[in-house]
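So the structure is just underneath, and the comments pick up after that.
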Amino acid sequence: MFNTIGRAQGWSDTPLTEAGERGIRELGLGLKEAGLSFEEAVSSDSGRTIQTMGIILRELGLTGKIPYRYDKRIREWCFGSFDGAYDGDLFMGVLPRVFKVDDFHQLSLMELAEGIVEVDTTGWAESWGTLSSRIKEGFEAIAKEVEAAGGGNAIVVSHGMTITTLIYLIDPKAVEELVLDNGSVTVLAYEDGAFHIEKIGDMSYRKVGAKLLEGGHDE
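Residue numbers for the sequence shown follow the working numbering, beginning at 174 and rising by one.
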C-alpha cells in the first residue's frame, strides 16, 4: 500500500493492495507452471512478506507441506524517522542535499545507508556495516540450512533494497542501474560457501501466471 502512494516502506508495514495480491498470484501460478520444487520457505517477519508467501504457497499447493519460517535478518532497510514518509522527501530531497549531489542515483548503497543514519532522528536506522552484515548472515543461514538438509531449492520472500544489497555483496557491478519489480525472481546458487548469481529480477514467471489468470484460471 505504501509503495502505491509513494511512501518509504522499510520496517513500517502495510498490506498488499488488490493489484499487489493479483501480481503475487501471477507469480505463484507461474512458478507452479514451471514445475519447480521447493524444500523450504522463508520470508522476512514483515506482514507484507508473510502475506506474499501465503499467496505463493497456496498457488503452489504447498501450504503446510514444506517448512516455513520467518527471519528478521532479511527485513527491508530501516529508514528511521523517514519510515512511512514520502519517498521524494528522503531520496529526492534530504539525501541529495546531505551529499551535495543532484540525484540520489549517484550515491552508492553504502552512502545511502550512512546518509539515512545521518538524517535519522530516532536512532533506528542501521549503519552500512550492521545492515550489510545482517542481510548476508540471514541469507547465508537459509542456504546453509537447505544444504545441511540435503540441498534443493528454498523459496525466499524479502524486499527490494534488501535483495539489491545481497546482490551487491556478491557482485557490486550487478546492481548498476538495477530496479527490481514487485514479484520478480532473483535466483542464487550456493556452493562451496559462496553465492553465485543465476538470474536477477526475472519477470517471466509473473508473465506466465498473468496469461493463466487471463485465460480463466480458477479465481
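C-beta atoms are modelled at their ideal positions from N, C-alpha and C, and glycine is treated no differently.
For clarity, every value in this text was computed on a predicted model and none was experimentally measured.
- Query: DSSP three-state call for F252: helix, strand or coil?
  - Reply: Coil at F252, not helix or strand.
- Message: So, does the region 375-392 touch the region 196-211, judging by three or more C-beta pairs under 8 Å?
- Response: yes
- Burial state of E232 (16 or more Cβ within 10 Å): buried
- When DSSP builds the beta bridges, which residues end up paired with S216? Paired residues: Y243, V330.
- Task: Quick one: grab the DSSP three-state call for D375.
- Result: Annotated three-state conformation of D375 is strand, per DSSP.
- Query: From the DSSP output, which residues share a beta bridge with Y363?
  - Reply: F368
- Please state if the CB of I197 and the CB of I228 are separated by a distance shorter than 8 Å. yes
- How big is the Cα-Cα spacing for I239 and L385? Going by C-alpha positions, I239 is about 25 Å away from L385.
- Cα-Cα, which of M283, T359, A327, L285 is closest to L230? Closest by alpha carbon: A327.
- Tell me whether G311 is buried or exposed, calling it buried when 16 or more other Cβ atoms sit within 10 Å of its Cβ. buried
- Query: Does the beta-carbon distance from T236 to L189 come in below 8 Å?
  - Reply: Not closer than 8 Å, so no.
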